[in-house]
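Adding 29 to a residue's 1-based position in the sequence shown gives its number in our numbering.
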Amino acid sequence: MASQPTALLTTSLFEAYGRDQSLGRAAALRSAQLKLLGDPAMSHPALWAPFVLVGDGGTP
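In structure tokens form, the structure reads like this:
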């Protein structure tokens, strides 16, 4: 996996979750993936699709 998209995805995920924890972990991951999808340089699914949430994706 490319490190720049991975870092951006991870950072975006925790930023989204930190802003609104009621959003839930799955929704925060989705938000981060959509952010990458919106960037033409990082929109290829190979850069963001391998990331999945394992376990409870709802709110804490």
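Note that CB positions come from ideal geometry on N, CA and C, so glycine has one too. Every value quoted in this text rests on a predicted model; they were computed, and no experiment measured them.
Three-state secondary structure (DSSP) of residue i
i      : result
Gly-47 : helix
Pro-79 : coil
Ala-61 : helix
Ser-72 : coil
Ala-31 : coil
Integer-rounded CB distance, given that residue j should sit under 8 Å from residue i
i      : j      : result
Leu-58 : Leu-82 : 5 Å
Ala-61 : Ser-41 : 4 Å
Gly-86 : Arg-48 : 17 Å between Cβ atoms; not a contact.
Pro-34 : Leu-65 : 6 Å
Whole-angstrom distance between residue j and residue i, CA atom to CA atom
i      : j      : result
Leu-52 : Leu-76 : 23 Å
Pro-79 : Met-71 : 13 Å
Phe-43 : Gln-50 : 10 Å
Tyr-46 : Pro-74 : 22 Å
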